[in-house]
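Student:
Numbering (our numbering), first residue to last: 3 to 574.
(1) In angstroms, rounded to a whole number, what distance separates the CA positions of residue 372 and residue 343?
(2) On the DSSP bridge list, what partners appear for residue 341?
(3) Does the distance from the C-beta atom of residue 96 to that of residue 114 stay below 8 angstroms?
(4) For the beta strand (DSSP E) containing residue 359, list its first residue and its last residue.
(5) Using 8 angstroms as the threshold, is the C-beta distance between residue 446 and residue 410 below it?
(6) Does the beta-carbon of residue 418 have 16 or more other beta-carbons within 10 angstroms, so that it is buried, or is it exposed?
(7) Which whole-angstrom value describes the C-beta separation of residue 180 and residue 67, a residue pair presumed to lie in contact below a C-beta threshold of 8 angstroms?
(8) Any chance the segment 270–281 sits against the segment 345–353, with 3 or more Cβ pairs inside 8 angstroms?
(9) Bridge partners for residue 278 per DSSP, in chain order?
(10) Quick one: what does DSSP say residue 155 is sitting in, helix, strand or coil?
(11) Please go through the same chain and pick out, in chain order, the residues whose beta-carbon is closer than 8 angstroms to the beta-carbon of residue 420, but skip the five residues on each side of it.
(12) On the premise that residue 87 lies in contact with residue 145, defined as a C-beta separation below 8 angstroms, what is that separation, rounded to the nearest angstrom?
(13) Checking the sheet assignment: what are the DSSP bridge partners for residue 425?
(14) DSSP on residue 33, reduced to helix/strand/coil?
(15) Please state whether DSSP places residue 26 in a helix, a strand or coil.
(16) Quick check: the segment 287–294 against the segment 221–240, are at least 3 beta-carbon pairs closer than 8 angstroms?
(17) Checking 8 angstroms against the spacing of the C-beta atoms, do residue 100 and residue 84 come in under that value?
(18) Do you know how far the Cα of residue 368 is from the Cα of residue 610?
(19) From residue 477 to residue 300, what does the alpha carbon distance come to, in whole angstroms?
(20) Is the CB-CB distance between residue 536 and residue 565 below 8 angstroms?
(21) In chain order, which beta strand (DSSP E) runs of at least 3 residues are fully inside the segment 103–180?
(22) Return the chain-ordered ranges of every alpha helix (DSSP H) run that is complete within the segment 387–470 and spans a minimum of 4 residues.
(23) Provide the residue span of the alpha helix (DSSP H) that contains residue 73, from first to last.
(24) Can you tell me the Cβ-Cβ gap for residue 524 and residue 502, rounded? I've got them flagged as a contact below 8 angstroms.
(25) Expressed to the nearest angstrom, what Euclidean distance is found between the alpha-carbon atoms of residue 208 and residue 333?
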């Protein structure tokens, strides 16, 4: 799909100021300014993140009562259970709390709900099964629970206290938890800490717990080093697609650095099966480690992922990592099959003038992968997309939106045909009866038709500037490594490279010859361009401008500039 190109005009005064103050490359300075990093001291902190710059954890709403209740449980020897989520953020935050609090004297266990049989969050079935297995006095709801009023009220009536540790938006009335630790609760914070995922919040809770233990003069707390948990925080932060700004910048950088030297035999086994031997960046964490950890909860039980990260036996860790690797390959196969079914249907039935949204469901589709399928469909057709699969109680699925369309708010306008729904502006979950599928499709499409202007139905490429090919040398491209890790809130550098021509025939790569490799020149310099999954797309011809991401390719000891094509257009 062709994009609108939004090329950022350079702020030459700010770029020059940062370049001179910090001695960095002008291209890096330009990209920092484009990301609203202008003050030299702010830029210095961004480029050199330090744990010492993390704010005090007690500033997060209700952190104090949560710490007090935890220490009361420790004193009394009460049974504590962490009720997590089946995604990577849920698994890593649950592991962090189990590992740290167990070693610091708590009697603690973990529970992750089954995606199919129990569903997301504090569902009545999931909580009943958790209570049956663990009989807790205190339950920590990690990555869920903020709006679970009925279930937490029921737990209170059963004399089970609840601490909620969550980063999802909160709505009134709030549940009767002993502590609702959620950055969204305090408007006075002006958005502070709201970028944190639950793994980040768990790290902040641990920090507060260790500080309190040291204030009490407890020896094990004086010796405890919370930095050993950063591997989990980094992994959860990257996988949960939270903005890599504010405290997340620090936690992501330090967390990714910690992963290769992790003490966890389970995580080491996962690195081995993923073939990772060396530094870990956002690609390795987000596209190699996280999918394998997620695969357990998508097709079978997320408890296998938790068991792996908590494992202390290398042999069992190796076995579990191998199982997750096989689960991931199965997940890829199932996902590919469903994606092909959806795309084959849409390519013959999709009408861009009529269809402002895409809603498809099938009782035979696996609900563990429909969110990934929705993301792929949304990317290809650029429409708010909801894909649903079969569950014991009807259809359940996931939605992915586009800029300008609040999916969670739109679902509220369809609530009479839905059993359950929730989420954010850009992503949401939904459950319904199969008989309501067509009504939901029509209703959501009507909502989008009324709220989405035509210009919002074409994706926009935000580009950091126009850079001639002959100016893209190794020094310029290497300087951009200082931005890593990139992701949500801190986008990868993308530029317009003008007035290019092909200077060699197109080469096709991949098992199905689905990827293209181009050689381009501007008359002064040449470079390689890769076009992923380009089989059905028109390739550049004549004289053209290229929108691309920049990288340095290392092949058999030889380094070369490589561009990843995002779009192209005829040169002016």
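Note that CB positions come from ideal geometry on N, CA and C, so glycine has one too. Keep in mind that this is a model prediction, so the values were computed, not measured.
Tutor: Reading from the atomic positions:
(1) 12 angstroms
(2) None, per the DSSP bridge assignment.
(3) yes
(4) That residue, residue 359, is in no beta strand (DSSP E); it is neither H nor E in DSSP.
(5) no
(6) exposed
(7) 6 angstroms
(8) no
(9) Looking at the DSSP assignment, residue 278 forms no beta bridge with any residue, so it has no partner.
(10) helix
(11) 413, 432, 433, 434, 438 and 442
(12) 4 angstroms
(13) 430
(14) helix
(15) coil
(16) yes
(17) yes
(18) Here the chain covers residues 3 to 574 and nothing more, so residue 610 does not appear.
(19) 42 angstroms
(20) no
(21) 109–113, 140–144 and 163–167
(22) 409–414 and 439–453
(23) 65–78
(24) 6 angstroms
(25) 34 angstroms
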